[in-house]
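Read top to bottom, the protein sequences are chains Y and P. So for the first sequence, the numbering used here puts the first residue at 22; every next one is plus one. So for the second sequence, the numbering used here puts the first residue at 22; every next one is plus one. Here the structure comes first, spelled out in structure tokens, and everything after it is commentary.
Number of protein chains: 2
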Amino acid sequence: MLFRIALTLGLIALSAGGCYSYADERPTMSSVMEAAGESDWRELDPEFTLYMKIPGGTVIMELAPDFAPNVIENIRLLTRARFFDGAAIIRSQENYVAQWGDPDADGSDARSRGDAASSIRAEFYRDAAGLAFAAIDSRDAYADQVGFVKGFPVGKDNGDGRAWLTHCYGMLGVGRDSAPDSGTGAELYVVTGHSPRHLDRNVVLAGRVVQGMELLTTLPRGTGSLGFYASEAEYVPIESIRFASDVAAADRIRLSILRTDTDTFQDLVEARRYRAEDWFVDPTDKIGLCNVPVPVRSAE
Amino acid sequence: MLFRIALTLGLIALSAGGCYSYADERPTMSSVMEAAGESDWRELDPEFTLYMKIPGGTVIMELAPDFAPNVIENIRLLTRARFFDGAAIIRSQENYVAQWGDPDADGSDARSRGDAASSIRAEFYRDAAGLAFAAIDSRDAYADQVGFVKGFPVGKDNGDGRAWLTHCYGMLGVGRDSAPDSGTGAELYVVTGHSPRHLDRNVVLAGRVVQGMELLTTLPRGTGSLGFYASEAEYVPIESIRFASDVAAADRIRLSILRTDTDTFQDLVEARRYRAEDWFVDPTDKIGLCNVPVPVRSAE
């Protein structure tokens, strides 16, 4: 019964303090976001923003050149060669990933890749030195330390100084075969289930979906093994993929993202760690890396 | 460059050992499952198995009477009163939950709840004593210790001895209003995104989806606030919810689940922790609670 007593004490503490309860005095995620100023936001860089048009709408992804500069430039070459226009989403595996590329990649009808490289040295991790790493106080199952770099969730090894993007929900990955350098960006995936962190440092992550996740998560699951679409009839056609900077300014969808190198972001993390909203009866005061939201809004 | 050298050494170690590489000698999830015997499986108990028929198929859930016995018996009363037949899925929020109940719960057309109670003392946690707790060696962001009890993911507080079901992907929860005892089972939800562990101990979990998750995760997201369906036209009708034991034996969908109190399950966890498949170049040797799979198969 110890815990019942502890809980009762907690409730007494919550109701102390005059007119307002303790809970009311602590910020909520809403109050933090209301207090945020213009300087807490940054507009996405069109040079590193991707639009993927599929039936139902446009998936918008922000790329992470601090972590995967070479494969991102290869994706730029593929995109400019119109490699993805007319390609397809070929896989939707429950609680895992949606994946796209050239369905005929291995056949005689393989799509032209223009000047894109056919192998890229794998960018599984980088040196943490030089990164503006905003640490989060969280006990992580997979990394010594975790935090954010320019909006992206990052793991760090305190021993060897490596840093890497982590497989949180919505992250954009670079599919590969067995050879580590076989991930060229011609096959990409997005995490659509509970974050598969065992993939960290085994496959290159290149960015994150910032709008349109629901277009990917609601795709019919593939009936083939590993959620691959078993027949051409199941493929979900891709109308086009474009870098925002390759689209006329008037046709861009301008988005801003909350900066993660600010006090406001740390306040948001704390408000998420301790949920002061009345509904919570026993706020955990703990937080996991992939449970931290990074808000996105229209920049128009 | 330290980490590059460490990785090279790792690869040398992997290829030592004669004809087979070190990696080949370690079990994979496939090899563990192939080696499993009949006694590693248990058939679901029809008394604690729920069928929910919706357009597209049947979602099957296993209930957890060790953790939420009272609300489960209330769900039984609601189910036998046919409360859910003709009710609807009323919410599908991206990266969060799908939720169902009586769309007219607060109106004059509210559905009859038969003899079901209108409040239930919240079963947010229980004493860990008496549970067959199979611990997992994992550094968890939210709980001192984690593991499995009869197939369900569980967190434990070493200080006060509390144990609770955790909000992993696919878990079945009992919606509630502000009052902790307002969760009666008349509104239920399933986690459809990255596991929202901050809800642990703040809302009752009553079970887990064991088949048909894709029927819930692919539902169109609600256009209203918090992913609620904004109009009746968006509701997804529920044809029926039944306990398997209330269905003729011939009409049951018999499933078995891997027992989690066995050496085989621990082997599976270890094979998931260290991915020995050739594709992995840098297996993490770490694991998160919600990343542990609990296999389910047909019992027929």
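Beta carbons: idealized from backbone N, C-alpha and C, even for Gly.
Nearest to D106 (chain Y) by alpha-carbon distance, out of Y:S319, Y:R318 and Y:F264, is Y:F264. Around P217 (chain P), the beta-carbon contacts reaching into chain Y at under 8 Å are N312. In terms of Cβ geometry, V211 (chain P) and V317 (chain P) do not form a close pair [threshold 8 Å]. Nearest CB-CB separation between D202 (chain Y) and chain P: not below the 8 Å threshold. Here R142 (chain Y) has D202 as same chain residues with Cβ atoms under 6 Å from its own Cβ, once five neighbours each way along the sequence are excluded. The residues G168, F169, V170, V175, K177 and A184, in chain order, have a CB closer than 8 Å to that of F154 (chain P) in the same chain once the five nearest residues on each side in sequence are set aside.
Beta-bridge pairing by DSSP links A85 (chain P) to no other residue.
CA-to-CA, the gap between Y163 (chain Y) and R222 (chain Y) works out to about 11 Å. In chain order, R112, S113, F249 and Y250 place their CB closer than 6 Å to the CB of G243 (chain Y), counting only its own chain and leaving out the 5 sequence neighbours on each side. Taking C-beta separations shorter than 8 Å and ignoring five residues to either side along the sequence, the partners of I75 (chain P) in its chain run I110, L236, V257, P258, I259 and E260, following chain order. Counting along the chain, the unbroken alpha helix (DSSP H) around V92 (chain P) starts and ends at P90 to R101. For S277 (chain Y), the uninterrupted beta strand (DSSP E) segment begins and ends at L276 to L279. By DSSP's assignment, V175 (chain Y) forms a beta bridge with Y:G168 and Y:L186. Nearest neighbour of R103 (chain P) by Cα position, chosen from P:S319, P:V290 and P:G135, turns out to be P:G135. Against K307 (chain P), the close residues of chain Y are A162 and Y163, in the order they occur along the chain (beta-carbon pairs closer than 7 Å). Annotation for L289 (chain Y): the continuous alpha helix (DSSP H) segment containing it runs D284 to R294.
In the DSSP assignment, E64 (chain Y) falls outside any alpha helix (DSSP H) and lies within the beta strand (DSSP E) extending over W62 to E64. Under DSSP, the beta-bridge partners assigned to S261 (chain Y) are Y:K74.
Residue contact check for E208 (chain P) against chain Y: no CB pair falls below 8 Å. L236 (chain P) sits in a helix when the DSSP states are folded into three classes. In terms of Cα proximity to G214 (chain Y), the closest of Y:S140, Y:L240 and Y:E115 is Y:E115. For L186 (chain P) and S252 (chain Y), the gap between their C-alpha atoms comes out near 39 Å. In terms of Cβ geometry, G228 (chain P) and M82 (chain P) form a close pair [threshold 8 Å]. Remark: C-beta atoms of L71 (chain P) and I262 (chain P) approach each other more closely than 8 Å. When Y:T238, Y:E144 and Y:R97 are compared, the shortest CA-CA separation from A207 (chain Y) is found for Y:R97.
In the structure shown, the three-state DSSP call for D299 (chain P) is coil. Listed along chain Y, no residue sits closer than 7 Å to F249 (chain P) by beta-carbon distance, the nearest being about 14 Å off.
When DSSP states are grouped into helix, strand and coil, V53 (chain Y) belongs to the helix group. Between the segment 189-201 of chain P and the segment 52-61 of chain P there are fewer than three inter-stretch CB-CB distances shorter than 8 Å, so the stretches are not counted as touching. Here the C-alpha atom of W300 (chain Y) lies approximately 31 Å from the C-alpha atom of R218 (chain Y).
In the DSSP assignment, L209 (chain P) falls within the beta strand (DSSP E) that extends over L209 to V212. Taking a C-beta distance under 8 Å as the contact criterion, T239 (chain Y) and T79 (chain P) do not qualify as a contact pair.
In the DSSP assignment, R318 (chain Y) falls within the beta strand (DSSP E) that extends over V317 to S319. Secondary structure of A271 (chain P) (DSSP, three-state): helix. Excluding sequence positions up to five before and after P314 (chain Y), its CB lies within less than 8 Å of the CB of M50, L289 and R293, all in the same chain and listed in chain order.
Residue state for F249 (chain Y) is assigned as strand, using DSSP reduced to three classes.
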